[in-house]
Amino acid sequence: MALLQISEPDESPAPHERKLAVGIDLGTTNSLVATVRHGIPVVLPDEQGRPLLPSIVRYCADGAVHVGYEAQAEQARDPQNSVVSVKRFMGRGLADLSDDRRFPYRFIDEPGMLKLATRAGVKSPVEVSAEILRVLRERAEASLGGALAGAVVTVPAYFDDAQRQATKDAATLAGLPVLRLLNEPTAAAIAYGLDNAAEGTYAVYDLGGGTFDISILKLSRGVFEVLATNGDSALGGDDFDHRVYCWMIESAGIPPHSPEDTRLLMLKAREAKENLTQHRTTPIVATLSTGFEVDLTLTSEILTDITRTLVTKTLTPVKRALRDAALAPGDIKGVVMVGGATRMPQIQKAVGEYFGQPPLTNLNPDQVVALGAAIQANVLAGNRPTGEDWLLLDVIPLSLGLETMGGLVEKIIPRNSTIPVARAQDFTTFKDGQTAMAIHVVQGEREKVSDCRSLARFELRGIPPMVAGAARIRVHFQVDADGLLAVSAREQTSGVEASVTVKPSYGLSDSEIARMLQESFAHAGEDMEARALAEAQVEADMLIAATRHALEQDRDLLSPEEHANVTRVVEELVGARAGSDRRALAAATQALNAATTEFAARRMNRGVQRALTGRRVDALT
Amino acid sequence: MIDFSRNHFELFGVPAQFRIDELALERAYRALQSEVHPDRHASASDADRRMSLQASARVNEGYRTLRDPVLRAEYLLSLQGLDVKDETDTALPFDFLETALERREAVSDAAAAGDERALEIMLHEVRKESGERERELERLLDAEHAWETAHEKVRELKFLTKLAQDIDAAIAQAET
């Protein structure tokens, strides 16, 4: 398989080949895949030249799965098996939905994440999302001519840990090697900022189909620094459609109706809303399955009126984000509008009034997130063109903490902390002779545990019996560059250690993911072993290239013996790469990783020295 | 990787004192992250990536500490061997405590009444006082090396900072 084939010597500084990398915007309403071609980010269209993929998955009677326009055309006939806006259910339980009767699905409540009963069986939102991602992966592979080395998948900035983990699981399930989860407004800022050589403090107002984000970023000399982010992960264009739908029911006196008719009316509502971005009035005409005739006229005044509270609802997070960044509306140089819903004139007007300037609408609000993700993917895959030396510093949107006595939350990492971040806090025992401690990890801003999202629970056992308050239990939080959390705890007095690490996974255990993966491979007729081998080969290629590059650049950091040793292990891996024994390849890869640990440390140290003696600083200014 | 035994001031290459050149600090921060950030090591080996994660988190922690007056002062005192993290040690002068309690009450009253303007005025006053404490700390820490007296001022500054945060939260509440 030709994995690394498009070579662009004028752009790629590293001596290894260009890798196929994509950015994916997994949206509530539409999804897109983009890549960087000849230094320019482009959206990859389908065979008919359509850039968008409607985020709709239909489980058909014949066992087929339709995704996109096909499913969209069929949804009103088969609403219970046509899943729309599945993003709203990612990492969410039934209790999280404000009004589950709004949806025509047969929900199954499960701890962590709800599921949907379809004719193809019970489906988790992760599985449904994976169907969308799989179509995008296949589109990209067909268009780029090879397996992908990596993908950056975007998530709303205000997604919590559960929603992020669910998104990452979906990508894994779709066979996508995830390079990074990237916040949608940040992705938009990259695309906008690099395209316009923007400098200064910008706001990104991102109203998608089902989520709202506001991010405040400082763009300066190639660094994109997120100062604050806020939002509402259950507010979007869908809610505007729903307001129009409710207005239709009331105005036309529509009696209770079937799920099919509900879906039809929702589609009419969306159409009407979209028409009003260009016109002042729009007719709404529909015939229900009962023969009931709907014939209404919606004006932009009425639309503005019935959606006013929703527009106002977006301004509260805007104020909070500015407050967290210690800024006033007047400090913002420009407001970048993202998401199809920002086409609505009443939103542009409200945002313009709040910031005292017309928002920036000179980019395609549907595509900018995918384009930014593609740029980031290109860099993370190692295709960074020389001279394009930019860096992204993002934050976590919600505080992370632990439950303490009385059901209160002790915040360990406050919201808007720059990631990656690691922090530890010491706790002690409450009773004499206490040998176990329950650790409950939560996310949110409220004081009480019951008002925050529960992320994980685990117990630290084997604490040596001591008087109350004598034990010293250090709980360590680490959030990586994807914004995902890992927690560990350790008792550190009297030399006794006990530790455990959790990586919350929300209703989907690793074995469940493995099972689904297996099923999906069986379904696609793919050979799991072959895929594992291909992945191991990609990893080996990357490692070989990276090590050779490092040896070339920093040879002087190694003694002749060390150099000979690393070179020998590289050659062993090259040998294993030529064969088809996955286990041998994995072992050789592991061996090279181990053999280069010290070298990596010295190289990073040198990089830091260089940074502080000014060379890099100059490059950045 | 970065040398984890070096203190934050050494890591950022700025003098170990309370007065800080914010521009130099920010420049050093960006330069350090440009080297160690996980995005710069995305296609590197596992070992390299792990180290980059740790180094980047450390740089973020250092930046947070040095940028914040209370944390920076506490950090300087801890470098002098003072135990600033002892939470039971909350001794404050009596008259400071008295005014502090009165203020807290005034804030809760204004918050209950939803009086945004009164809250804004209080916030302005508290911030002004925090500024004065910072100037005092600069003198105590950088010129006089009066660690114990500085420790007391840090506690006052910490209290004022917390009060400012609470007023800020009350204003946010009043707005919605």
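Top line first, the protein sequences correspond to chains A and B.
Quick note on numbering: our numbering labels position 618 of the first sequence as 1414, and the sequence is numbered without any gaps.
Quick note on numbering: our numbering labels position 67 of the second sequence as 597, and the sequence is numbered without any gaps.
Backbone N, C-alpha and C define an ideal beta-carbon position, used for all residues, glycine too.
Check                                                                                                                        : Outcome
Interface positions of the region 1099-1133 of chain A facing chain B (Cβ-Cβ less than 8 Å), listed along the chain          : 1112, 1115, 1116, 1119
Segments of 3+ residues assigned as beta strand (DSSP E) that fall wholly inside the region 1011-1038 of chain A             : 1019-1028
Contact set between residue 698/B and chain A, taken where Cβ atoms lie within less than 8 Å                                 : 1119
Residue 825/A, DSSP secondary structure in three states                                                                      : coil
Element boundaries [beta strand (DSSP E), containing residue 998/A]                                                          : 996-1003
Contact set between the region 568-580 of chain B and chain A, restricted to residues whose Cβ is under 7 Å from the partner : 568, 569, 572, 573, 574, 575, 576, 577, 578
Ranges of the beta strand (DSSP E) found wholly within the region 1222-1262 of chain A, counting only runs of at least 3     : 1233-1239, 1249-1256
As assigned by DSSP and simplified to three states, the class of residue 905/A                                               : coil
Segment limits, beta strand (DSSP E) that includes residue 754/A                                                             : Only positions 797 to 1417 of chain A appear in this structure, which leaves residue 754/A out of reach.
Residue 795/A versus residue 1336/A: straight-line alpha-carbon distance, rounded                                            : With chain A represented from 797 up to 1417, any question about residue 795/A goes unanswered, as that position is not in the structure.
Delimiting residues of the alpha helix (DSSP H) encompassing residue 592/B                                                   : 576-597
Limits of the unbroken alpha helix (DSSP H) element including residue 919/A                                                  : No alpha helix (DSSP H) holds residue 919/A; the beta strand (DSSP E) holding it covers 917-919.
Short CB-CB distance (under 9 Å) between residue 701/B and chain A                                                           : yes
Short CB-CB distance (under 9 Å) between residue 590/B and chain A                                                           : yes
Secondary structure, alpha helix (DSSP H): runs of 4+ residues fully inside the region 1130-1181 of chain A                  : 1141-1151, 1164-1176
Nearest candidate by alpha-carbon position, reference residue 1170/A, set 930/A, 1102/A, 976/A, 1062/A                       : 976/A
Coarse secondary structure for residue 1192/A, derived from DSSP in three states                                             : coil
Cβ of residue 977/A within 9 Å of any chain B Cβ                                                                             : no
Contact list for the region 547-563 of chain B against chain A, Cβ threshold 8 Å                                             : 557, 558, 560, 561, 562, 563
Chain-ordered neighbours of residue 1276/A on chain B, where CB pairs are closer than 8 Å                                    : 568, 583
Closest Cα partner of residue 1393/A within the set 970/A, 1358/A, 1113/A, 1377/A                                            : 1358/A
Exposed unless 16 or more other CB atoms sit within 10 angstroms - verdict on residue 931/A                                  : buried
Cα-Cα separation, residue 1204/A to residue 962/A                                                                            : 27 Å
Within 9 Å, strictly: CB atoms of residue 987/A and residue 998/A                                                            : no
9 Å Cβ cut-off: residues of chain B touching residue 1397/A                                                                  : 531, 577, 578, 581
Where residue 535/B meets chain A, residues with beta-carbon distance less than 9 Å                                          : Within 9 Å Cβ-Cβ: nothing; residue 535/B doesn't reach chain A, min ~12 Å.
Among 1233/A, 1027/A, 1017/A, the one whose alpha carbon lies nearest that of residue 1000/A                                 : 1027/A
Where residue 1207/A sits in the DSSP three-state scheme                                                                     : strand
Strand pairing of residue 1077/A, partner residues [DSSP]                                                                    : 1095/A
Coarse secondary structure for residue 571/B, derived from DSSP in three states                                              : helix
Closer than 9 Å at the beta carbon, the chain A residues around residue 504/B                                                : The first residue shown for chain B is 531 and the last is 706, placing residue 504/B beyond what the model contains.
Contact list for residue 1178/A against chain B, beta-carbon separation under 8 Å                                            : 572, 573
Which residues DSSP lists as bridging residue 1199/A, in chain order                                                         : 1205/A
Within chain B, partners of residue 1188/A - CB distance below 9 Å                                                           : 567, 569
Segment contact, 8 Å Cβ cut-off, at least three pairs: the region 1087-1107 of chain A with the region 1116-1135 of chain A  : no
C-beta atoms of residue 957/A and residue 1242/A nearer than 9 Å                                                             : no
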